[in-house]
Every structure is written in C-alpha cells, then in structure tokens.
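Residues 1 to 393 (our numbering) make up the sequence shown, in order.
Heads up, the beta-carbon is just placed ideally off N, CA and C, and yes, glycines get one too.
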Amino acid sequence: MKVNRNFQNIADSYLFSTIARKVAEYGESHPGAPIIRLGIGDVTLPLAPAVIEAMQQALCEMSVQKSFKGYGPEQGYLFLKEAIHNYYGVRGIALKADEIFISDGAKSDLGNILDLFSVDNTVLVPDPVYPAYVDTNTMAGRKILFMDANEGNGFLPLPDASVKADVIYLCSPNNPTGAAYSRDGLKAWVDYALANDAVILFDAAYECFIEDPALPRSIFEIEGAERCAIEFCSFSKMAGFTGTRCGWTIVPLALEREGASLNKMWLRRQTTKFNGVPYIVQKGAAAVFSPEGMQQTQQNLSYYKENAKVLSDALDELGIWYTGGKNSPYLWLKCPDGMESWAFFDHLLENANLVGTPGAGFGKNGANFFRLTAFGDKAATREAVVRLKKLLG
Ligand code: MLT
Numbered sequence: 001m002k003v004n005r006n007f008q009n010i011a012d013s014y015l016f017s018t019i020a021r022k023v024a025e026y027g028e029s030h031p032g033a034p035i036i037r038l039g040i041g042d043v044t045l046p047l048a049p050a051v052i053e054a055m056q057q058a059l060c061e062m063s064v065q066k067s068f069k070g071y072g073p074e075q076g077y078l079f080l081k082e083a084i085h086n087y088y089g090v091r092g093i094a095l096k097a098d099e100i101f102i103s104d105g106a107k108s109d110l111g112n113i114l115d116l117f118s119v120d121n122t123v124l125v126p127d128p129v130y131p132a133y134v135d136t137n138t139m140a141g142r143k144i145l146f147m148d149a150n151e152g153n154g155f156l157p158l159p160d161a162s163v164k165a166d167v168i169y170l171c172s173p174n175n176p177t178g179a180a181y182s183r184d185g186l187k188a189w190v191d192y193a194l195a196n197d198a199v200i201l202f203d204a205a206y207e208c209f210i211e212d213p214a215l216p217r218s219i220f221e222i223e224g225a226e227r228c229a230i231e232f233c234s235f236s237k238m239a240g241f242t243g244t245r246c247g248w249t250i251v252p253l254a255l256e257r258e259g260a261s262l263n264k265m266w267l268r269r270q271t272t273k274f275n276g277v278p279y280i281v282q283k284g285a286a287a288v289f290s291p292e293g294m295q296q297t298q299q300n301l302s303y304y305k306e307n308a309k310v311l312s313d314a315l316d317e318l319g320i321w322y323t324g325g326k327n328s329p330y331l332w333l334k335c336p337d338g339m340e341s342w343a344f345f346d347h348l349l350e351n352a353n354l355v356g357t358p359g360a361g362f363g364k365n366g367a368n369f370f371r372l373t374a375f376g377d378k379a380a381t382r383e384a385v386v387r388l389k390k391l392l393g
C-alpha cells in the first residue's frame with residue numbers, strides 16, 4: 001500500500017487553520033483579550049430574510065410526502081439555474097441551462113475541476129495566490145509555474161508569450177490582493193489561452209463587490225472566453241453563504257480540448273462523484289435573486305463596502321500603500337518599515353489584538369504584505385481602525 005507522497009510537498013496545515021491555531025493559542029495565554037478578527041474572509045451578517053423565508057418554506061415541503069424531495073439533479077435544480085441564467089442575462093451574457101452547474105461553493109469545484117485535466121499539464125498561478133489553487137495541484141503532483149504579481153504590475157500580471165501553460169488560474173477581484181482586472185487585461189488572458197490551447201479557471205467569487213461599471217464581473221464578458229474558460233462563483237460572499245454552502249460553475253458547451261467536451265466530462269464527473277446541493281439550500285440561494293432578496297443582499301454588501309472604506313481611509317491617513325478596498329472586500333497593504341508579514345501578524349496581534357492574514361501565506365511575493373478583510377462587524381472594524389492608527393500612526 002502506498003500513500004499519495006505529493007502531500008509531503010504541501011505545508012502541514014492550511015493557511016487559515018494555522019492562523020486560527022495561532023490566535024487560539026494567544027487567546028488561551030491572554031484570557032479576555034479583546035481580539036478583533038479581520039483575517040479569514042468570513043462573513044458576519046446573517047442570511048437575508050428572503051433567504052430564510054424560502055428555506056423555511058422548503059423545509060415545510062420536505063415534511064409533506066407529496067412535496068418531499070429525495071435525490072435532486074446532480075447539476076442543480078432548474079429553478080436555481082434559471083435564476084443564475086437571468087443574473088448573467090441582465091449583463092448581456094447568454095448562458096444555456098446545461099452550462100450552469102450548482103455546487104457547494106467555489107472552493108470545492110476549483111479543486112474538483114482538476115479531475116478533467118491530465119497531471120502532465122503545466123499550471124500557471126499568480127504569486128501571491130489563494131492557497132487552495134496551489135495545494136490542490138500539488139496534491140495531484142502537477143507542475144506549477146508562478147507568475148509575479150507585485151507593486152510594479154499593480155498585482156495584476158499579464159501573460160508572457162514565452163511561458164507555455166495549460167491551465168491558468170485567475171481571480172478577479174483578486175483574493176488576496178483585492179486588485180481587479182480591466183477588460184483589456186482579461187482580454188489579454190483570453191487571447192493567450194486561445195493561442196496556447198490553455199484553459200482559464202476564473203474565480204469570480206468576489207464579483208459582487210465590483211462597483212465600477214468599466215470592470216468586468218465575469219470572464220464571459222470577453223469575446224472568445226466561452227472557448228477557453230470555466231467560471232466559478234459563489235453565494236458565500238455575495239449572500240452570506242459561507243456556512244450554508246452554495247455556488248455555481250459555468251462550463252461552456254463550446255469548450256473543447258483534444259476533441260473532448262469539457263462540459264460533458266464535468267457532467268459525467270459530477271453525476272459520478274456528487275449528489276447535488278440540498279434542496280433547502282438551493283431554494284434559499286434562488287431567493288437571493290428575488291427582488292426582495294437582491295435588495296436585502298445589496299444592503300449587506302453595502303455594509304461590507306462601508307467597512308472597506310473605513311479601512312482604506314485609515315490606510316490613506318497612515319500613508320500606507322495598498323491595493324483593493326475598492327471593488328473588493330480585501331485590502332492588501334504593505335507592512336510598515338519593511339516588516340516581514342508573519343512578524344507584522346505577531347506585532348498586530350500582541351500590541352493591538354488585531355488579526356489579519358500574513359501575505360507570506362499567499363506566496364513569496366506576499367512576504368512584506370498583509371491582508372485585511374471588510375467582512376467584520378461594523379463596530380469592530382471601526383475599533384480596529386482606532387487601534388491601527390494608535391499603533392502605526
Ligand atoms: C479567504 O479568507 O481567503 C477566504 O475565506 C477563502 C475562501 O473563501 O475559502
């Protein structure tokens with residue numbers, strides 16, 4: 001019997017588990033410390049009333065034999081796929097129902113999609129990057145190339161024609177840097193993928209934070225993307241579903257490689273390995289797109305956007321360089337005095353009881369950067385700013 005030795009090539013513990021452990025240890029040795037958590041991008045506002053009502057109704061349906069549901073379609077119920085179809089439709093993107101797959105969140109499918117690709121493929125990821133992209137490929141033993149995202153390119157790297165990649169990860173607005181690609185930037189990537197027969201895995205989990213109408217919210221706003229891209233999105237950040245779990249993946253019918261339809265392969269993979277998202281959850285997710293659901297969801301998003309503004313105003317006042325904070329719930333700041341990011345993490349935790357995410361956890365280019373999230377409680381975020389100013393001002 002042999003285990004998968006590729007696990008030896010990843011860190012012992014996932015970034016956010018390491019942070020949670022460090023914070024718990026600090027809490028144990030400093031009981032009562034008023035810790036404010038702006039580390040993991042986890043939402044703090046409850047589900048919208050329209051979502052709760054829809055889930056309660058769905059639960060009642062489950063209690064009556066006539067309306068009870070057993071296994072659902074692995075790729076999701078039509079009512080939710082139609083709602084997502086319309087969500088894209090208002091932005092001029094015409095999806096077919098068969099291109100939409102309901103998932104239990106973007107993170108799972110970003111890992112699961114790798115079943116479709118040979119382990120011989122070369123994967124291209126930006127550095128810094130959301131660690132799940134790197135870890136899932138490393139577990140499978142795939143070769144990973146890193147492209148530099150840094151102050152020089154505004155943390156938005158563009159393709160290098162001399163680099164040959166097969167699978168490319170893009171996330172915009174980006175986790176962790178908060179930077180968002182322009183249409184031209186995404187077009188450059190689509191052109192590269194088409195020219196190189198590559199496939200872009202586009203993580204759009206934070207698209208709902210884009211306010212600037214000039215910025216694309218989906219890769220399918222770019223012509224030709226349906227022949228080279230798969231998009232992953234989620235209700236997590238949009239509607240507070242981090243604990244409820246629901247998302248979607250778009251695999252275009254036009255996407256083919258080596259004569260194989262990736263859409264058909266994904267359907268085959270899902271029907272074999274996945275039994276779908278619970279009916280009750282899908283009903284709640286569909287309610288996000290109802291007029292009341294949209295209005296309530298926007299209110300919650302505005303709350304987080306205000307937090308982002310409070311944090312970015314403070315960084316402006318302190319004269320700290322950062323990306324994000326606009327069109328994104330993340331702020332990616334340069335650690336003061338050239339500090340290393342884990343040292344800055346300890347400094348903030350010990351002297352201000354503030355938790356953020358060290359940039360080093362996202363790659364070598366994050367070594368002197370630090371991520372703060374706008375998903376915190378409003379009062380706590382304001383208090384965090386007071387402490388930041390006191391410590392760094
Ligand atoms: C993060 O903090 O980067 C996010 O919570 C990651 C995720 O959504 O899994």
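Exposed unless 16 or more other CB atoms sit within 10 angstroms - verdict on C233: A buried status is given to C233, since no fewer than 16 other beta-carbon atoms sit within 10 Å of its beta-carbon.
Coil, strand or helix - E340 by DSSP: The three-state secondary structure of E340, taken from DSSP, is coil.
heavy atom of ligand 1 below 7 angstroms from I40 C-beta: At least one heavy atom of ligand 1 is nearer than 7 angstroms to the Cβ of I40, so yes.
Expected contact under 8 angstroms - CB spacing of N175 and Y133 to nearest Å: About 10 angstroms separates the two Cβ atoms, so there is no contact after all.
Proximity winner among A360, G366, W266 and D191, relative to D115 (alpha-carbon distances): Considering only alpha carbons, the answer is W266.
Secondary structure of I250, DSSP reduced to three states: Looking at I250 - three-state DSSP - the assignment turns out to be strand.
Any non-hydrogen atom of ligand 1 closer than 7 angstroms to K107 Cβ: Indeed, a heavy atom of ligand 1 lies less than 7 angstroms from the Cβ.
Sub-8 angstroms separation of Q367 and A374 beta-carbons: Note on identity: in this sequence residue 367 is Ala, with Gln being the wrong assignment. No.
Heavy atom of ligand 1 within 7 angstroms of Y133 beta-carbon: No - ligand 1 has no heavy atom lying nearer than 7 angstroms to the Cβ of Y133.
Cβ-based burial, P46 [other Cβ within 10 Å; buried from 16]: With fewer than 16 other Cβ atoms within 10 Å, it is exposed.
Rounded C-alpha distance that separates I40 from Y330: I40 and Y330 have their alpha carbons spaced roughly 10 angstroms apart.
At least 3 beta-carbon pairs within less than 8 angstroms: the segment 175-186 vs the segment 194-210: Contact between the segment 175-186 and the segment 194-210 is present, because at least three Cβ pairs lie under 8 angstroms.
Spatial distance of E292 from N365 (CA atoms): Approximately 42 angstroms between the Cα atoms of the pair.
F16: CB within 7 angstroms of a non-hydrogen atom of ligand 1: Yes.
Alpha helix (DSSP H) segments (min. 4 residues) lying fully within the segment 43-70: The segment 43-70 is shown to contain whole alpha helix (DSSP H) runs of 4 or more residues at 49-62, in chain order.
S341 CB to nearest heavy atom of ligand 1 below 7 angstroms: For ligand 1, not one heavy atom lies less than 7 angstroms from the Cβ of S341.
Buried versus exposed call for D104 [16 or more other C-beta atoms within 10 Å across all chains shown]: Looking at its Cβ environment, which holds 16 or more other Cβ atoms inside 10 Å, D104 is buried.
Where the beta strand (DSSP E) containing F202 begins and where it ends: V199 to D203 is the extent of the beta strand (DSSP E) around F202.
Beta bridge counterpart(s) of T373 as assigned by DSSP: Per DSSP, Y330.
Any non-hydrogen atom of ligand 1 closer than 7 angstroms to Y130 Cβ: Using a cutoff of 7 angstroms, the CB of Y130 counts as near ligand 1, since one of the ligand's heavy atoms is closer than that.
Residues of its chain near G276, where Cβ-Cβ distance is below 6 angstroms and the 5 sequence neighbours each way are ignored: If we look at G276 and ignore the five residues flanking it on each side, its Cβ neighbours are G72 and E74.
Residue from R371, V119 and P159 whose Cα sits closest to the Cα of D191: Of the candidates R371, V119 and P159, the one whose C-alpha sits nearest the C-alpha of D191 is P159.
N175 Cβ short of 7 angstroms to ligand 1 heavy atom set: Yes; taking the cut-off as 7 angstroms, the Cβ of N175 has a heavy atom of ligand 1 nearer than that.
Whole beta strand (DSSP E) elements within the segment 114-180, 3-residue minimum: Within the segment 114-180, the complete beta strand (DSSP E) segments of 3 residues or longer fall at 122-127, 143-148 and 167-171, listed in chain order.
Ligand 1 heavy atom lying under 7 angstroms from the CB of S236: For ligand 1, at least one heavy atom lies less than 7 angstroms from the Cβ of S236.
Length at least 4, wholly inside the segment 213-281: the alpha helix (DSSP H) runs in chain order: Entirely contained in the segment 213-281, the alpha helix (DSSP H) runs reaching 4 residues are, in chain order, 236-239 and 262-273.
Under the three-state DSSP convention, the category G324 falls into: Of the three classes helix, strand and coil, the one that applies to G324 here is strand, per DSSP.
Cβ shell of L315 (< 7 angstroms), same chain only, five flanking positions each side left out: By the criterion of a C-beta distance shorter than 7 angstroms, L315 is surrounded in its chain by Y322, L331 and L333, once the five residues flanking it on both sides are discounted.
C60, buried or exposed, once every other Cβ within 10 Å from all chains shown has been counted against 16: Counting of Cβ neighbours within 10 angstroms places C60 among the exposed residues, the total staying below 16.
Cβ-based neighbour list, T138, same chain, cut-off 8 angstroms, excluding 5 preceding and 5 following: N6, N9, I10 and I144.
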